[in-house]
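In the numbering used here, the protein residues as written are 9 to 90.
Before any comments, here is the structure.
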């Protein structure tokens with residue numbers, strides 16, 4: 009799931025409206041602004057790729073953090089994939 013629309017549909021179909029949940033939402037703007045703070049230019053497509061990768065591959069023990077975003081930005085700086 010990578011869009012707000014998909015998230016809403018997932019929640020609507022899979023959860024009771026009165027369920028208590030904990031949710032952290034990261035979006036492409038977070039990646040773009042953090043990259044800019046580090047002096048790294050990223051395209052919207054690269055930011056989307058990073059967000060999708062974080063969503064698909066995050067380690068529940070570590071979570072999604074600025075550090076995990078930094079790992080992806082470091083890979084971009086080194087000429088690799090996000």
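Built from N, CA and C at the ideal position, the CB exists for glycine as well.
Just to confirm before moving on: does the CB-CB distance between residue i and residue j stay below 8 Å?
| i | j | result |
| --- | --- | --- |
| residue 10 | residue 60 | yes |
| residue 77 | residue 48 | no |
Determine the burial state of residue i: buried for a count of at least 16 other Cβ atoms within 10 Å of its Cβ, exposed for fewer.
| i | result |
| --- | --- |
| residue 73 | exposed |
| residue 80 | buried |
| residue 50 | buried |
| residue 30 | exposed |
Going by alpha carbons, who is nearest to residue i out of the options?
| i | options | result |
| --- | --- | --- |
| residue 5 | 18, 38, 45 | Residue 5 lies beyond the range of the chain shown here (9 to 90); nothing can be said about it. |
| residue 85 | 44, 23, 20 | 44 |
| residue 66 | 12, 82, 34, 22 | 34 |
Rounded to the nearest angstrom, how far is the Cβ of residue i from that of residue j, given a contact under 8 Å?
| i | j | result |
| --- | --- | --- |
| residue 55 | residue 40 | 5 Å |
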